[in-house]
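Structure first, then comments.
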Amino acid sequence: MSEGDLLHTVTADNISDGRRRLGKAMVWGSAGLVAILGLWQMLHETGRVSGGFETWRPVLYAYLLWATALCWSQVIVRGEMGKRTLFVLPAALFVISLVVFPLLFALYISFTDWNLASAAGPQPNGWDNIRQMWSDAFYWNALKNMVYYVVAVSVEYMIAFGLALLLNAQIRARKFFRVVFLLPLMLSPVAVSWMVGKSMMEIRFGPLARLAREIGIDNPSFFGSPEMARFMIMAMDAWTFIPFMMIMLLAGLQALPREIIEASKVDGATGWQSFKEVIFPLMLPVSVTAIVIRIIFKLKLADIIINVTSGGPGGATDSVTSFIFREYRDRSNVGYGTLLAIVYLVLIVIFITALLKLVSRYMERPA
Amino acid sequence: MKVELYNYIRAAQKMNRRQMLQGSAAISAAAMMPKGAKAASHSNVRAEILKIPGVGQGSPTDGDWQKVGEMCLGATRENVAEGEFAGVELTFMGLNNQNLHNFLFRGFLKPWEAYTGAKINWIDLAQADYNARLQQSIATGTVDFDIIEMGAPFEGDVLGKGLASEMPDWVKDQIDMDDYVDYLKEPVGTWGGKTYRISIDGDCHTFAYRTDYFGEGGIGGAEVPTTWQEINQVSKDLVGKEDPLTGLPAHGYLDPLKGWGGFGFYFLENRASAYAKHPNSPAWLFDPETMQPMVNNPAWVQAIQDVMDLIEAGAYPADQINADPGTTAFQQFLAGTGSMLMWWGDVGSNARTSDTSVVGDVVGFGVNPASDRVYNAQSGEWEDTRNEAPNMAYIGWGVYVMATVDGDDKKHKAAWSAAAHLGGKDLSLWASAYPSGFQPYRNSHFQFDEWEEAGYDRAFIEDYLGSNADSYNHPNAAIEPRIPGIFQYYSVAEDELAKGYAGQYGSAQETADAIAAAWEKITDQIGRDSQIAVYKASLGM
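Protein chains in written order, with our numbering: chain A, 7 to 373; chain B, 758 to 1298.
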């Protein structure tokens, strides 16, 4: 035990060998129980053993017993040190149970041909799903659309920054505008889909269509052409989430040291120079954080698309999530749908890791 | 009856004072009658139940449902002794749409529970959750219900896997199955020669049109089009004209060009059935011997081409590419855009009762349009004969008993007795005449005298329900294939059609080929041999 650890030790632990053995026996015994029950149940389910449980519930109970034994044994075996572990261990086990296990199960499912309508149930099918994905024009089209959607974040960022600067300035009714600009963020994207996408943009009676006719566009069409439809989806999504970026940037602006900005003014910098040379560089860490979080939000984009265009026209607005939704919900194609989701997860992890690596040097405030 | 239809009829007709008094007097008389007398007057049951609560007397309540359930118990009494099912518990899974379905069943079955001694537990599901819940129950082997309210398209998933209980003969007699309209008779509700379904509803697509577009001096021509060829011609000719009602641009037939969770495919079927459903075979979607899709044969390609032609001609309203079936019916047709539409029964009923509808006084109904020529898939040739094939889209709801009761004789009889009570001949008349979520589905439901006596307007009933009756009993009705995963086929077809309509495929043939390829994949995934077997079974082959 190092000196640092000793400093925080309240009681001296005199742990006997017997106690240690008991603790270890608890863990290994319960782990063995889980393994035996799990194996038995698996053999029963696959028809190799006749006797078995009706459901997997007993195995779950054995797992819970093991988890309890593991936590308990920490204290039995390691005393005070074990108590410290207990602060984290239950949470870690919880995460492992609800994230890691399902993820492994999903990984297994993604290499099966499981279609809920198939009488045969999930059957491993090797690399078939990967091959299908490789030649699936809908999936690649959706991935391509995601690139457009992610690129659109840069425009959202510019608008959000502009609004944040505006709300940070000494304007009249500033508090009122801050609340008003936040309102879209409080709406559910589903509400936005119906209120804006399906009502305001309704082609005959929608106020936006009427406005378009007023200004001389005879046959307004918001979702008729692929480009227009994609732009409309981007616009609705942006309208909902720009306030989110704006509020982050506003917080960043308010935290800027006033002296530096004032100093730049004293030195004779114009408004633009002061923004370009002082405010923008100082805001980089906040900006990067806002953009990264927004991109993560964007990668989940689905609800507006599902409600307004169902991915149309001809897949022009499809996002990966909305496509998986159709594959999974409408077509009960659990195996292939899961594979698409897993591949997307891997792509996201790679993309976000690379992105963070790339921008890491901007994340630190310049000294 | 669907709620909207009920409201429509009430709005469409004005009850005169005499009818109203007749109705009220009858109710008062019925209320004063002793219980025994009511049961004894079995022959009058149909007339009596139609007076509960009386047309135009407000929506029926739980008390009314129980009263109807009580008055229709006669058939149960003949087959079941009082208290015979004491101690039996059954679980019923159904919908809770619009506070109908299960809510009515509860009321109808309360007197049945009191008489038989059985107890029913309820699983209420929203429509949107229904499919997923059912599929998951099937896939994970956790069927936790004994009786289910289910649409016929799922029969492949449930009956095909042996999850349901075969109907005993006494039930067939009790519910008088011969009275069903033709398309609900075999093979619908049967599997491998065995009967499973008690029908409680009927569904089909009928043709709705604007009467102010057609007739002498009408912008659409003197006659209402009756074939798809005429419909396309009229739709093209209407380009550039003005709608007589709204003053906005006139449009012809409204095809939904966007998917709708699989349901959008029914609307291409409406066109295709006339071309592809030859009277010589019940099969029109797959080759029953190989499960090879027929969706890329010349008949289907013609249907897709028809839609593409109208896109090309600019005959649709702007943004039609983003219009799903719901949009075409409720935001377009009822709001005065477009002059022709195919839809289920409720578009007609909404025409007068919906606040957003402007076409209430100018809407007429007919059966699914025909075609001048029909494709004979067996000979591979077009035949120049007129062909009509109404599309029985979705087939309607039924009640099924699950195989979970098969091991226990008492439970088995109890479950079937409960189901038979819900599908009883008299009780179904009431359900088709009042808000219930269900449409008429028996020949006896179309005895218009009964409706008239109950207080309905005869002309309306004959016109509106007549189009349904004609479709139901059509000798060449196009029946939905009840195979596992049928909505998967529809859903993937919608995706490919969307690409085709957006011009991403070179032609209608390429679009159809893409659908066929996707269907082949699904068939292989679900299992070709088993699909062939269930497809044949579902067609009664």
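The beta carbon of each residue, even a glycine, is placed where N, CA and C say it ideally should be.
- Counting only Cβ-Cβ distances below 7 Å, I209(A) has contacts in chain B at P1074, A1075 and D1076, in chain order.
- Under the three-state reduction of DSSP output, M207(A) falls in the coil class, being neither helix nor strand.
- In its chain, beyond the 5 residues on either side, L1014 have a beta carbon closer than 7 Å to the beta carbon of Q1077(B).
- Looking only at N131(A), W34(A) and D243(A), the smallest Cα-Cα distance to L113(A) is reached by N131(A).
- Counting only runs of at least 4 residues, the region 1075-1144 of chain B fully encloses the following alpha helix (DSSP H) elements, listed from N- to C-terminal order: 1103-1110.
- For M828(B), the enclosing alpha helix (DSSP H) stretches over residues D819 to M828.
- Around the Cβ of N856(B), a 10 Å sphere holds fewer than 16 other Cβ atoms; the residue is exposed.
- Contact check for L307(A) against I330(A) fails: the beta carbons are separated by 9 Å or more.
- Proximity of chain A to I1283(B) at the Cβ level (cut-off 7 Å) is accounted for by N121, A123 and S124, in chain order.
- Of the residues A257(A), A179(A), F93(A) and L71(A), the one whose Cα lies closest to the Cα of L171(A) is A257(A).
- The count of Cβ pairs closer than 8 Å, one atom from the region 817-828 of chain B and one from the region 1223-1231 of chain B, stays below three, leaving the stretches out of contact.
- Its Cα nearest to that of H1202(B), the residue L1222(B) stands out among A1216(B), L1222(B), G815(B) and D1286(B).
- By the C-beta criterion, the region 1265-1282 of chain B is judged to be in contact with the region 1046-1064 of chain B, since at least 3 inter-stretch pairs fall below 8 Å.
- Proximity to I1240(B) across Q1288(B), D935(B) and V1115(B) peaks at Q1288(B), based on C-alpha coordinates.
- Within the region 217-242 of chain A, N225, P226, S227, F228, F229, G230, P232 and A235 place their CB atoms closer than 8 Å to a CB of chain B, listed in sequence order.
- Note that the C-beta distance between S1128(B) and W985(B) is below 9 Å.
- Bounds of any beta strand (DSSP E) do not take in K89(A); it lies within the alpha helix (DSSP H) bounded by E86 to L92.
- When 7 Å is used as the limit between beta carbons, T1094(B) is near these residues of chain A: R210, in chain order.
- S1136(B) is classed as exposed because its beta carbon has fewer than 16 other beta carbons within 10 Å across all chains shown.
- Interface criterion met: the Cβ of S1287(B) is under 9 Å from a Cβ in chain A.
- For F964(B), the enclosing beta strand (DSSP E) starts and ends at T963 to R967.
- Boundaries of the beta strand (DSSP E) harbouring N878(B): K876 to L882, taken from the DSSP string.
- Per the coordinates, the alpha-carbon of G851(B) lies some 29 Å from the alpha-carbon of G1284(B).
- D903(B) places its beta carbon less than 9 Å from that of L847(B).
- Cβ contact annotation for V196(A) (same chain, cutoff 7 Å, sequence separation greater than five): D309 and N313, in chain order.
- Note that the C-beta distance between I1236(B) and M1298(B) is not below 9 Å.
- A Cβ of chain A is located within less than 9 Å of the beta carbon of K1015(B).
- Among the residues of the region 1220-1231 of chain B, none has a Cβ less than 9 Å away from any Cβ of chain A.
- Shown here for F303(A): same chain residues with a beta carbon closer than 7 Å to its own, the five before and five after excluded, namely F247 in chain order.
- If you draw a straight line from the Cα of G1257(B) to the Cα of A1275(B), it is about 14 Å long.
- Taking G840(B) as reference, the option from A1255(B), E870(B) and I1279(B) with the minimal CA-CA separation is E870(B).
- With a cutoff of 9 Å on beta-carbon distance, L1184(B) and I806(B) are scored as near each other.
- Of the candidates D930(B), A889(B), A909(B) and A832(B), the residue whose Cα lies closest to the Cα of Y872(B) is A832(B).
- Taking E923(B) as the centre and dropping the five residues before and after it, the same chain places the C-beta of K951, T952 and Y953 closer than 8 Å to its C-beta, in chain order.
- I806(B) carries a helical assignment under DSSP once its states are collapsed to helix, strand and coil.
- A1029(B) and F1020(B) have their alpha carbons spaced roughly 15 Å apart.
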